[in-house]
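Asks: One structure follows; several queries about it will come next.
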Ligand SMILES: [Zn+2]
Ligand SMILES: [Zn+2]
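Residue numbers (the numbering used here), protein chains in the order written: chain A, 191 to 400; chain B, 2 to 209.
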């Protein structure tokens with residue numbers, strides 16, 4: 191429990207876009223109406239509208255795309271006449287077997303660990319906020335900041351596939367091309383980032399100090 | 002509508018604090034949730050200088066090849082543009098769009114908008130289009146992925162190095178510089194520019 195007052199108690203609202211603290215005049219506004227920040231013009235709201243529902247929808251869509259992202263090949267490699275598809279996990283295993291443990295670990299963290307941590311954390315935050323849970327609020331707030339910070343690193347594999355396919359273009363000799371899996375993987379990264387942005391971390395604290 | 006320039010609201014938990022003077026380099030943290038409320042940050046001169054440096058690094062990173070390879074004597078090289086374009090072939094071309102946005106277009110917009118806004122702020126006024134520019138900067142920040150791009154290039158080099166001859170190009174060093182500069186200039190603290198350009202504020206950029 192913390193004595194610092196919250197915006198709702200002081201009847202103020204902080205602008206999401208520029209941070210200006212404004213008087214809360216949202217009560218008199220009927221549904222669908224808007225109050226704009228006098229400094230930057232963004233719409234003022236106490237909580238991001240539709241936060242939990244939209245975050246759930248984006249999260250479920252990301253989870254669905256995560257399956258083809260892992261099962262389907264992300265890259266086709268043909269070197270000196272020998273060709274084959276590779277998936278994200280087969281890339282990690284390839285590095286590991288070849289003795290490049292550090293790189294295998296980097297790709298594993300960015301492509302497997304980070305998305306999974308994001309799925310679990312967002313699911314947990316959404317479920318506990320909907321129930322208005324009071325447990326471990328500070329820790330949950332920290333988890334949110336963590337996934338906000340590390341979320342975009344999953345884009346790593348997309349960059350790797352792009353650079354490698356741009357470089358290895360020697361016609362019949364050797365060729366590397368992107369495959370459909372990387373599209374699903376990119377979608378997973380974007381959808382989880384959008385889900386993280388839609389979730390309003392202030393929901394974690396609702397009911398605290400009031 | 003009444004506004005309160007002496008108050009600050011934590012964007013992570015809605016706690017309200019009174020604005021306190023911050024010593025240079027210091028950061029104020031929220032007592033309730035632990036998020037950073039605000040940082041003292043750069044002064045306008047340094048901010049603008051670093052933005053111009055970032056613009057130069059951006060041009061080099063985009064014009065020069067980031068990696069060079071050679072296979073049985075045949076050379077090839079990749080720039081950032083060429084890498085994004087490599088994804089744009091075949092039925093999955095659309096995945097090239099988010100990549101090109103996050104490693105090229107978004108950093109470009111960030112640098113351009115900041116240079117515009119900062120150049121005017123140094124003269125003590127808000128640039129034309131200040132509000133949309135600032136809102137766009139806040140919106141773009143999470144989609145700027147120069148650091149991911151750098152790590153991706155390094156992993157690509159490692160991936161190919163045992164098959165072919167691979168050498169880093171000048172674009173790689175520029176990307177590394179760009180990464181450091183973008184993190185310095187276009188972080189969460191851009192909102193500070195609203196306060197710095199508040200009519201009647203001290204234009205040198207030191208907060209009272
Ligand atoms: Zn505003
Ligand atoms: Zn807080």
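Glycine residues also receive a C-beta, built at the ideal position from the N, C-alpha and C atoms.
Can a CB atom of chain A be found closer than 8 Å to the CB of residue 195 of chain B?
Replies: Yes, its Cβ sits closer than 8 Å to a Cβ of chain A.
Asks: Taking C-beta pairs closer than 7 Å, name the residues in chain B that residue 345 of chain A reaches, listed in chain order.
Replies: Neighbours of residue 345 of chain A in chain B, taken as residues at a C-beta separation under 7 Å, are given in chain order as 103, 146, 149.
Asks: Please state whether DSSP places residue 367 of chain A in a helix, a strand or coil.
Replies: strand
Asks: Look at residue 346 of chain A and residue 153 of chain B and say whether their C-beta atoms are less than 8 Å apart.
Replies: Result yes, Cβ atoms of residue 346 of chain A and residue 153 of chain B sit closer than 8 Å.
Asks: Who's in the neighbourhood of ligand 1, going by beta-carbon under 6 Å from any heavy atom, listed in chain order?
Replies: A:205, A:207, A:208, A:210, A:227, A:229, A:230, A:232
Asks: For residue 360 of chain A, which three-state DSSP category applies?
Replies: Judged by DSSP in its simplified three-state form, residue 360 of chain A adopts strand.
Asks: Looking only at its own chain, which residues have a Cβ that is under 7 Å from the Cβ of residue 268 of chain A, when we skip the five neighbours before and after it?
Replies: Cβ within range, chain order: 364, 365.
Asks: Would you mind telling me which residues of chain B sit closer than 7 Å to residue 403 of chain A, beta carbon to beta carbon, in chain order?
Replies: Because chain A in this structure spans residues 191 to 400, residue 403 of chain A falls outside the shown range and cannot be described.
Asks: Which full runs of the alpha helix (DSSP H) of 4+ residues lie inside the segment 310-355 of chain A, going along the chain?
Replies: 327-340
Asks: Under 6 Å, CB to any heavy atom of ligand 2. Which residues pass, going along the chain?
Replies: The filter returns B:11, B:13, B:14, B:16, B:31, B:33, B:34, B:36, in chain order.
Asks: Count the other CB atoms within 10 Å of the CB of residue 270 of chain A; is the residue buried (16 or more) or exposed (fewer)?
Replies: Exposed, by the Cβ-count rule.
Asks: Output needed for residue 148 of chain B: all residues of its chain with C-beta closer than 6 Å, excluding positions within five of it in sequence on either side, in chain order.
Replies: 180
Asks: What does the alpha-carbon distance come out to for the pair residue 392 of chain A and residue 59 of chain B?
Replies: 36 Å
Asks: Should residue 308 of chain A be flagged as near chain B, meaning a C-beta pair shorter than 8 Å?
Replies: no
Asks: Is residue 176 of chain B helix, strand or coil by DSSP?
Replies: helix
Asks: In terms of alpha-carbon separation, which member of A:291, A:263, A:232 lies closest to residue 140 of chain B?
Replies: A:232
Asks: What did DSSP end up calling residue 17 of chain B once you bin it into helix, strand or coil?
Replies: strand
Asks: Establish whether the CB of residue 5 of chain B and some CB of chain A are separated by less than 8 Å.
Replies: Yes, contact with chain A.
Asks: For residue 342 of chain A, count neighbouring C-beta atoms within 10 Å of its own C-beta (all shown protein chains included) and say buried if the count is 16 or more, exposed if not.
Replies: buried
Asks: So which residues of chain A does residue 111 of chain B contact, with C-beta pairs closer than 9 Å?
Replies: Within 9 Å of the CB of residue 111 of chain B, no CB atom of chain A is found; the nearest one sits about 14 Å away.
Asks: The alpha helix (DSSP H) spanning residue 192 of chain B covers which residue range?
Replies: No alpha helix (DSSP H) contains residue 192 of chain B, which DSSP labels as neither H nor E.
Asks: Which residue marks the beginning of the alpha helix (DSSP H) containing residue 54 of chain B, and which one marks its end?
Replies: 45-64
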